[in-house]
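Remarks on the structure that follows.
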Amino acid sequence: MSTELIKVTINGKEFQVAKGARLIDVCREQGFNIPSFCYYADLALQASCRMCLVRIEKMPKLQTSCTITCTDGMVVTTESEEIEKAQRAMVEFLLANHPLDCPICDRGGECELQEMAFDWGNLEERFTERKNAQPEKYLSPIVANDPQRCILCKRCTRVCDEWMGEDAIEAGGRGANTVIGTFGGWLNCSECGNCIEVCPTGTLLDATYRHQARPWELQQTVTTCTYCSDGCQESVGSRAGEVMRVVARDRYVNGHNGEFLCIKGRFAHTFINDETRLRTPMIRYKKGGKLIPATWDEAVKFATRGLDKAAEAHGANSIAVVGSPRLTNESLYALKKFATELVGTENYTATDAFSLSPFFQNLGGQIATHRDIRHAKTIVLIGGEPEELQPFAGKQIRQAVRNGGAKLVIINSTPIRLKERATQFLHINPETEDAAVLAIFNQAHNELAARKMGVQETELIELRRTITNTEGDVVIMFGGEVSAEAQSLLAQMPYLFNKEGRRALLHPLPLYNNSVGATDMGLMYGKLGATEMLDAAGDSVHAMYVAGSFLPQHLTGREDSLGKLDFLVVQELFETETTRFADVVFPAASFAEADGTFTNSGGLVQRVRQTIPPVNQSKQDWVITAQLSKELGVDFGFQMSASAVFGEIAERIPAYAGLRYPLLKDETNPVQVKHATIEQRDLSQESEAIRARVEKMSDTATKINATPPVGHELFKIGTLTDKLPQMHLLASGNPKPPTLAVSPLYQITVDAGMKREAIGGD
Amino acid sequence: MFIGAIGCEPLQLKRVNLEHSRTIDVYKRNGGYDAIKKVLGGMSPDDVINEVKKSALRGRGGAGFPTGMKWSFVPKDSPKPKYVVCNADESEPGTFKDRYLMERDPHMLIEGMLIAAYALGARINYIYTRGEYRYLINIMDAALDEARSAGLLGEKILGTDFSCDIYTHTGAGAYICGEETALLSSLEGLRGHPRMKPPFPAVSGLYACPTVVNNVETLTAVPDIIKMGGEAYQKLGTEKSGGTKVWSVSGHVNRPGVYELPMGYVDMEKFIMEDCQGILNDKKLKAVIPGGSSVYIMPAADITGKGVRMDYEGLVAAGSMVGSGGFIVMDETVDVFESTKNLIEFYKHESCGWCTPCREGTDWLVKVFKRIARGEGRPEDAQLILDLCDNIEGKSFCPLGDAAAWPIQSAIKKFPEDFKRHLAPLTMQTETEVAAD
Ligand SMILES: Cc1cc2nc3c(=O)[nH]c(=O)nc-3n(C[C@H](O)[C@H](O)[C@H](O)COP(=O)(O)O)c2cc1C
Ligand code: SF4
Ligand code: SF4
Ligand code: FES
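So the protein lines, in turn, are chains H and F.
Heads up: the first sequence at position 411 corresponds to 426 in our numbering, and the numbers run straight through without jumps.
Heads up: the second sequence at position 204 corresponds to 196 in our numbering, and the numbers run straight through without jumps.
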């Protein structure tokens, strides 16, 4: 849109508006209420609901304001008898075949159609004919469908196509028989549920929340999702201490993700109130014995005594402090403080899949937020699989390409689904991502890199040309496949590609909601990494204090390492492979019960808000840490308030300087932390190390040709997603149930455990 | 059935009654492919467009848009490919002229498309027919093969630098796919929904490239315009409605058929009573729908003795439209309520479902008409029907909504007694029916 201003007259008043502005937006900004259903920002125009009609001088007929671009001198009327009659007529039409039984509809009370009927509906129904009735059914384990409430605004089909790249739902039939449906009657997609979210009616519904609660009974709390590094803002609906659902509906929350969420964020929240949550602190009085419930006092004392003993016997460095990158900044900060200031150990880390510390230590430019990705002109994606691992980043990439005309270059050893949207796909040999980074960093290595990657040199030249021809932003994104040295080169690339009119922005793709926060809090800069620490167990490491659990990938081949420790303290939600050897276990609060902040992959630091009181006897992780320190004779001075912890973070960690909770209040305007950048530096050592490694790569590798199926990562069962029975159906291939009218959970038995879950635990 | 011209030399129907009229030989022997030779022998694309402009040819698909003007909207400097698409969807109830033009003289359409493609710089072109016209595709494909073998299609046509090809494509049987933008969606393999205008197809049509969509009869008029010159063609008709028009005559006349008349033919009464040999079984004329189901119905009183002129302006003056030229004649036995019910059922069935007023409005209207037909009409129904029509008209996404409303509105206005009879209380209705029997 240009900055040139033009004059439009709306209802007799003159306004200066940007040339090319959309009339419906302009009217709304000026406070004129224009009803609409099908118009949805950043989706293809539909113009089918005919609610947004206005009268424009010199134009025949009423016009749909959602399709009109303002022109100079335009004279518009939005309120008149004629317009009101038309709008009331549309609502009357939409309600004609609607069952009008809002009291039994899950959407009742927060339904756009219902609200429209209050404003534009007639008191009396003139439609006295027989209604077209259709049965309710399921489209997937998590999407329920009541077709007779549909107004065919096609928001659902458009988000499915444009946001998700799935095209899994479409309209079928014609005229009044048109229904929103699926191919083959069953949804085999990434099950994001965004179609449910954007549906303005009770047609597409959350099947996990079906007939569970009425919206007005729910307390809606805005918070940050606990799954991936996208940091989506969501609204958690709870009733009497129980989380009932998660939505991103814009009437409740307006984060950078809009109404977008993925399957995990939206549906996999049942772990919060799961009956297997740890109930009390527990002590294993004897190695090999049972964990026995204890009081908080007892357990804290037992834990500090154990840690003290290890320190006395083997020195401070024999104690390792470990935090999960799922914890809040506050909890991770407390752990780091505990390790360095209280215990005085050099061994601390976060249980992340890979470390971003080389990247942040060499940072030579700005981190791209998700908004920057959406408006980028070129996106270079090295490794990673955002459509499975960071679904919102995936959506932003798709929209940048589709709606913004961005160029997308994908460098990946696997033909990931996102490549369908790519302008250029470099299908490289497995594990040669570093070669790609090397060639982008210095084209002198093109020949070597191309040979090892199994691509043509011209492809690398084309890739470079795409970057250097860009006007606007280039966003370079990378996954965990690149090495530490390659991360350093990537971090310095802005110095190579920044130019007048072009910014090179960076966007790492870590796996956890607070991977970046864990790095910022300093936890990733300890001496040993997670696996090294396990290997040192019983050797140089004799005791561990773990908030969270080690990842399965850390423990494979090291299943018994933790057993070699003298003493192990664990804070967890559930019993896990890590608690199996613990001497003391504390029940920890989940994100839904915690106050704090997460820092996402775009560097946005966003609030986590307590939505329900802590479940059972659990406590927030930093509270437990503070309690342990107090018992050890050091008062951290947190005054039992998360905001006080954050205040200290802001004082001590430069990137967070000056921040306070009140500044993070508004999720609509998220704050990006100021990661320190370093000057351009000599990277010859790193690039030489990479070159040497690339030299050793095989010249004759075989390519991976299979595109991984939808959900191969998303539907993986983890400790948290395990608690959503529907996830097990999806993980087992999402079988189509015998009848669509009955919930698949009642029809399909994946295994004996599933059956028990499904029919309510008897 | 009659096929022929009245009041003028046959142009469109010149060859339809000849033996083997479909073959390229017969076509060539009767002046065929002379026009394309003339065009390639020294006319520039602009010359062609100018002749078409001078001819005052207006689109025969229904909207009557001036064809030369439409062609001149195609941006010449666009680097994108351009397309000519022939609209052979012919689904308007009462219309069956395109079918005979293609069945009996397919080469005339090919030649017309070649000239259009030359004028617009189009390399690839399509003929889109309705699903039910499957058999026409075979005829068209055979003719296209003949033309290709004769060097009239493909690379370097007639040894010039002009290369052009034409392909056929069938829809799956949906009226809406006759609407030009829905047709383009369908041709691209998408659902047959209309698209937003603007952008108009001339700027962004097939695959978002400049595209001209023309009706079969519009394109088949082009060779004669080139041969005789635009001005001479225009003079066959009236100032604003040039040339001749092909009418599909059906209903209660003694001689239904496909009639070519000069534009401005006077008058409609003579046409029905003499040219079509009067009303079947000596009944009286009750009504005419002159331009396909989507136009206003005309009662006999607006025709008899009124000297109605049969061209675009004449029919508007007489209270209706040329539309697609589907001329439906109804005698006094017709119950206009019943015939209107039949039409609204058609529109309900064919509504694509995209927009609220047409989808829900036609569904509701059908339910009301059916209820009335069951004898459960209420006095307030007439007002309800008119109000529903008003709520559809002018508010729908594409003109199909309007097309559904207009015939009902005019039927109620012009034949109120046919509606009243059904809306009156049951006892009275039986009385009238008994009296009528
Ligand atoms: C609902 C609807 C159906 C239509 N059906 C046809 C059709 O079957 N054949 C046709 O030529 N035009 C049809 N049209 C008109 C086309 O949209 C378009 O105006 C025409 O093909 C343009 O060609 P012309 O300028 O040669 O008339 C239809 C329009 C509407 C709104
Ligand atoms: S299901 Fe919902 S979002 Fe989809 S078309 Fe129907 S009303 Fe609109
Ligand atoms: S008026 Fe609307 S529903 Fe009817 S055919 Fe056109 S777009 Fe489809
Ligand atoms: S909002 Fe404009 S037509 Fe639906």
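Yeah, the Cβ is synthetic: ideal placement off N, Cα and C, and Gly gets one too.
Treat the numbers as computed from the prediction; the structure is a model and nothing was measured.
query	result
Straight-line CA distance for Ile336 (chain F) to Arg7 (chain F)?	37 Å
Between the alpha carbons of Ala746 (chain H) and Ser250 (chain H), how many angstroms are there, rounded?	26 Å
Please list the partners that Glu144 (chain H) has in chain F, where partner means a Cβ-to-Cβ separation under 8 Å.	Trp356, Lys359, Val360, Arg363
Between H:Ile25, H:Leu647, H:Thr291, H:Tyr527, which lies nearest to Asp87 (chain H) when the distance is taken from Cα to Cα?	H:Ile25
Can you tell which of H:Gln45, H:Glu446, H:Ala183, H:Tyr510 has its C-alpha closest to the C-alpha of Ala716 (chain H)?	H:Glu446
Can you tell me whether Trp398 (chain F) is helix, strand or coil according to DSSP?	helix
Closer than 7 Å, Cβ to Cβ, to anything on chain F: give me those residues from the region 18 to 47 of chain H, in chain order.	none
Could you check if Leu3 (chain F) is buried or exposed, using at least 16 other CB atoms within 10 Å of its CB as the buried criterion?	buried
In the structure shown, what three-state DSSP assignment does Trp239 (chain F) receive?	strand
Only counting the same chain, and skipping five residues up and downstream in sequence, which positions put a Cβ closer than 7 Å to that of Thr429 (chain H)?	Ile719, Pro723
Can you tell me which of F:Leu176, F:Met188, F:Thr296, F:Tyr110 puts its alpha carbon nearest to the alpha carbon of Phe154 (chain F)?	F:Tyr110
Less than 6 Å between C-beta atoms, sequence neighbours within five positions excluded: which residues of the same chain meet that for Thr485 (chain H)?	Lys392, Thr393, Arg517
For Cys210 (chain H) and Ile397 (chain H), what's the separation of their Cα atoms in angstroms?	30 Å
What does Ala186 (chain H) touch in chain F if you count any residue whose Cβ is under 8 Å from its own?	Arg183, Gly345
Is the beta carbon of Thr79 (chain H) within less than 7 Å of some heavy atom of ligand 4?	yes
Run through chain F and tell me which residues come within less than 8 Å of Thr594 (chain H), C-beta to C-beta.	Result: empty, since nearest Cβ-Cβ is about 54 Å, beyond 8 Å.
Anyone know if the C-beta pair for Leu322 (chain H) and Val584 (chain H) falls short of 8 Å?	yes
Assuming Thr236 (chain H) and Arg624 (chain H) form a contact by the criterion Cβ under 8 Å, report the distance between their Cβ atoms to the nearest whole angstrom.	5 Å
Beta-carbon of Gly775 (chain H) versus every beta-carbon of chain F: anything under 8 Å?	Bear in mind that the predicted position of Gly775 (chain H) carries a pLDDT of just 42, short of 50, making it unreliable; the figure below should be weighed with that in mind. No, no contact with chain F.
Which partner residues does Ile298 (chain H) have in the DSSP bridge list?	H:Ile307, H:Val599
Would you report the Cα separation of Asp429 (chain F) and Glu368 (chain F), rounded to the nearest angstrom?	Residue placement at Asp429 (chain F) is poorly supported in this model, since its pLDDT is 46, which falls under 50; the coordinates are not used for a value here.
Provide the residue span of the alpha helix (DSSP H) that contains Ile412 (chain H), from first to last.	406 to 417
When you compare the CB of Ala609 (chain H) with every CB in chain B, is at least one pair closer than 8 Å?	The structure shown has no chain B; the protein chains it does contain are H and F.
Measure how close the beta-carbons of Lys542 (chain H) and Glu361 (chain H) come, nearest whole angstrom, since I'm counting them as under 8 Å.	4 Å
Run through chain F and tell me which residues come within less than 8 Å of Lys76 (chain H), C-beta to C-beta.	Gly386, Lys387
Would Pro73 (chain F) and Cys201 (chain F) qualify as a contact pair, given that the criterion is a beta-carbon distance under 8 Å?	yes
Strictly below 8 Å CB to CB, what residues from chain F border Phe198 (chain H)?	Correct list: empty, because the minimum Cβ distance to chain F is about 13 Å.
Pull up the distance between the alpha-carbon of Gln414 (chain H) and that of Lys434 (chain H), whole angstroms please.	14 Å
For the region 126 to 158 of chain F, enumerate the residues whose C-beta is nearer than 9 Å to any C-beta of chain H, in chain order.	none
Got a sec, what are the start and stop residues for the beta strand (DSSP E) Gln61 (chain H) sits in?	Unbroken run through Gln61 (chain H): none, as it is neither H nor E.
Go ahead and label Ile774 (chain H) buried or exposed: buried means 16 or more other beta carbons lie within 10 angstroms of its beta carbon, across all protein chains shown.	Confidence at Ile774 (chain H) is low in this model, with a pLDDT of 41, below 50, so its placement is unreliable and the value that follows should be read with caution. Ile774 (chain H) should be labelled exposed.
Comparing the CB of Cys117 (chain H) with every heavy atom of ligand 2, is any distance shorter than 7 Å?	no
Can you tell me the Cα-Cα spacing of Ile443 (chain H) and Ile426 (chain H), whole angstroms?	7 Å
Can you pull the DSSP bridge partners for Val584 (chain H)?	H:Tyr560, H:Val599
How should His226 (chain H) be labelled, buried or exposed, when 16 other C-beta atoms within 10 angstroms of its C-beta is the threshold for buried?	exposed
For the alpha helix (DSSP H) that contains Gln102 (chain H), what are its first and last residues?	96 to 111
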